[in-house]
Amino acid sequence: MSNKGLDVMRRAGYFGKDSVTSVPFCESCVLGKQHRVSFPPSSYPNLSKCSSVLEYVHADVWGPASVPTHGGRKYFLSIIDAFSRKV
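Be aware that the sequence shown starts at 0, since it is given in numbering that gives the first Met the number 0, and climbs by one per residue.
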């Protein structure tokens, strides 16, 4: 909670007789409130102009999974070809 929000609650009487003046800085709180920002379209190559397989690929790693596979793995790697759209 921000100091501004804390001040609003203090003025509204939520804390009773307790004196709460400030909250220590919390880096995790700040990081948790951040939003993801997409990249501008100009930063991507024109995928419609891909002319062959494996010219451009998309890769993503997912994990760790809470339940491992039968082989004990907890991460998943996906690779997709932009030309053929095959995984």
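Note that beta-carbon positions come from the ideal geometry of N, C-alpha and C, so glycine has one too.
Query, Result
"Ser77 beta carbon less than 7 Å from that of Asp59", "yes"
"Reduced DSSP category for Ser47 - H, G, I as helix; E, B as strand; rest coil", "helix"
"Segment limits, beta strand (DSSP E) that includes Ser27", "Premise fails: Ser27 lies in the alpha helix (DSSP H), 26-31, not in any beta strand (DSSP E)."
"Among Phe82, Val66, Gln33, nearest to Lys48 - alpha-carbon criterion", "Phe82"
"Cutoff 7 Å; reference Ala51; Cβ partners in own chain excluding five residues on either side", "Residue 51 is actually Ser in this sequence, not Ala. If we look at Ser51 and ignore the five residues flanking it on each side, its Cβ neighbours are Phe82."
"Selection from Glu54, Gly70, Gly71 that minimises the alpha carbon distance to Lys85", "Glu54"
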